[in-house]
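UniProt numbering puts the first residue of the sequence shown at 1, with every later residue one more than the last. The next block holds one structure in the form of structure tokens; read it before the comments.
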Amino acid sequence: MNYWEVNKILYSLINYERDKAKYQEFKLEKFKNFLKEISHPEEKLSNVILIAGTKGKGSTATMLSNCLTACGIKTGLFTSPHLLSWRERIRINNQMIPTREFCEIFSNILPLIKEHKLTFFETLTAIAFLYFLREKTEWTVLEVGLGGRLDATNVVSPRIAIITRIGFDHTELLGETLTAIAREKAGIIHPNSTVVTFHQTPEVLAVIKKQAKENESKVVTENLIDRSSIRLNKFGSSFKMKGEEIPFFLPLLGAHQVENVELVLAALSEIKREEKRVSWEKVREGLKRVYIPARCELISSQPPIMIDCAHNPDSAFALKEVIEKILRKRALFVFGVARDKKVEEMLEILSPVGRYFFTQARHPRALPIEVLASYGKKLNLKFSAKKNVAQAIKTALANQGKEILVITGSFYVVGEALRFLKHHPAQ
């Protein structure tokens, strides 16, 4: 079976990233029955780290994987969603799964995928498990797809659970309050594990600590970074660990990425107790080489173009802070969003630093351009509306003055922009 045959079947599967889901549709029993038939690869994975949260879990997962790899540890990484290819989601030592291996594993389990009616995400999760097991990864970093408690990744028994800052997202599925959302995210805490979490509201932290106590799990909330040492600029950030004189450098823009690094360093500090290959010197090298596409990423200087996958109010605020306080520019936003997002709140957050070219991705969950325009009129925003991403970018570039062009709102808009601009993220 070749790439195109696999691609056609893969995208024919039930896909909750594409189609609207109801919370009652999320159940793990079917996936567990499937895993039983392929001899439970998830139980044989070494040293699993599971990451949930609203903001920054993909960046946290990638940075942690990078650091472990730099320490000479063979590390599997599973993230979602992807920008251009589903191969981006499954990596070992920062290298995407080869097409040949993906197609081979997929072909081998296809009859069972059909029999158990696996979803798109469950299928990719299973392929990741089998690939990591086949390649004998020493540590495995998994990013939760949605929520935590009922996510397909949560069939593992993680040694470490990391919970990034929890905010409001997917409220129609996870609950309308932070407490309800936190209960779902805290579902990744398993018996006798270690939980790393920072920057939570008191009610969220209470939920996490309660879940940890019930599972006899250790909670780590101690930050290892000397916050007075943090320096932010247009190249990234630098900081020192408490008690360390040599600074760390992170080539990612924004204070929110330093927040993610705090979680990474705390998790590594726990790993370092047993894993002698982990050293701060090697971690420093790992962070220096981190690359995460479409996270406040400057893809062009002439004209200045940035892409960012901000898709909720928290990430929109982080983007605004980068534009306003680090780049110190006005923005020209090419903005499109999924229909289940807090659109009005996102627009209000970003509007003080720029003007809009609204657009709509070619995706079933994309908010129709007419609805987005109605939000613009309601908020008295300065905007233009173009029916597709390519048109929006062309028009924005033609109208760009000294502003930075910022393409944002969803992974789907950014992915289409990358194809139109023929920019391929470094692999």
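Positions of the beta carbon are idealized from the N, C-alpha and C atoms, including for glycine.
Select from P111, E138, I181, K55 the residue whose C-alpha is nearest the C-alpha of A318.
K55
Can the beta-carbon of L327 be found less than 8 Å from the beta-carbon of K234?
Yes, these two residues count as a Cβ contact at 8 Å.
Please name the residue in D314, M241, A126, S229 whose C-alpha comes closest to that of H40.
A126
In this structure, what does DSSP give as the bridge partners for K218?
T194
Report yes or no: do three or more beta-carbon pairs, one from the stretch 102–114 and one from the stretch 151–169, lie closer than 8 Å?
no
Terminal residues of the continuous beta strand (DSSP E) containing M241?
236–241
Pull up the DSSP beta-bridge partners for Y356, would you.
Beta-bridge pairing by DSSP links Y356 to F333, F383.
From the DSSP output, which residues share a beta bridge with G76?
I92, T140
Mind checking whether T395 and S410 have CB atoms under 8 Å apart?
Cβ distance not < 8 Å, so T395 and S410 don't count as in contact.
Check whether the stretch 101–109 and the stretch 3–19 touch, using three or more Cβ-Cβ pairs below 8 Å as the test.
Taking a cut-off of 8 Å for Cβ pairs, the stretch 101–109 and the stretch 3–19 touch, as three or more such pairs fall below it.
Out of S217, H256, Q200, point me to the one whose CA is closest to R227's CA.
H256
Locate the beta strand (DSSP E) running through K226, then write down its first and last residues.
It should be pointed out that residue 226 corresponds to Asp in this sequence rather than to Lys. Judged by DSSP secondary structure, D226 falls within the beta strand (DSSP E) whose first and last residues are 225–233.
Among C309, R295, I404, K36, which has the Cα closest to the Cα of M346?
C309
Within 10 angstroms of its Cβ, does I163 collect 16 or more other Cβ (buried), or is it exposed?
buried
Could you check what DSSP says for A61 in three-state terms: helix, strand or coil?
helix
Locate the alpha helix (DSSP H) running through T125, then write down its first and last residues.
120–134
To which residues of the same chain is E285 closer than 7 Å at the C-beta, ignoring the five residues directly before and after it?
A70
Using DSSP bridges, identify the partner residues of E297.
E297 pairs with I307.
Name the two residues that bound the continuous alpha helix (DSSP H) containing I181.
178–185
Do G175 and I181 have their C-beta atoms closer together than 8 Å?
yes
Would you check if the distance between the CB atom of L263 and the CB atom of V322 is smaller than 8 Å?
Not in contact: L263 and V322 (Cβ atoms no closer than 8 Å).
If you reduce the DSSP assignment to three classes, tell me which class K8 lands in.
Looking at K8 - three-state DSSP - the assignment turns out to be helix.
Which residue from V220, F239, L287, E222 puts its Cα closest to that of S229?
F239
Check whether the stretch 292–306 and the stretch 31–47 touch, using three or more Cβ-Cβ pairs below 8 Å as the test.
no
Which word fits L142, buried or exposed, when buried means at least 16 other C-beta atoms lie within 10 angstroms of its C-beta?
buried
For S217, is the classification buried or exposed, using 16 other Cβ atoms within 10 angstroms of its Cβ as the cut-off for buried?
buried
For the beta strand (DSSP E) containing T408, list its first residue and its last residue.
404–408
Buried or exposed for R91, going by 16 or more other Cβ atoms inside 10 Å?
buried
On the DSSP letters alone, give me the boundaries of the alpha helix (DSSP H) that V48 sits inside.
Run containing V48: none in the alpha helix (DSSP H); it sits in the beta strand (DSSP E), 48–52.
Hey, how far is the Cα of Q200 from the Cα of N108?
One C-alpha to the other measures close to 43 Å.
Which same chain residues end up closer than 6 Å to R330 when comparing Cβ atoms and leaving out the 5 residues on each side of it in sequence?
G354, E403
State the DSSP-derived secondary structure class of L250, mapped to helix, strand or coil.
Per DSSP, reduced to three states, the secondary structure at L250 is strand.
By DSSP, does I326 sit in helix, in strand, or in coil?
helix
So which of N93, K117, T75, E348 has the shortest CA-CA distance to L10?
K117
Could you compute how far the alpha carbon of H423 sits from the alpha carbon of R89?
In this structure, the alpha-carbon of H423 lies about 19 Å from that of R89.
For the beta strand (DSSP E) that contains A398, what are its first and last residues?
Segment 389–398 is the alpha helix (DSSP H) holding A398; no beta strand (DSSP E) there.
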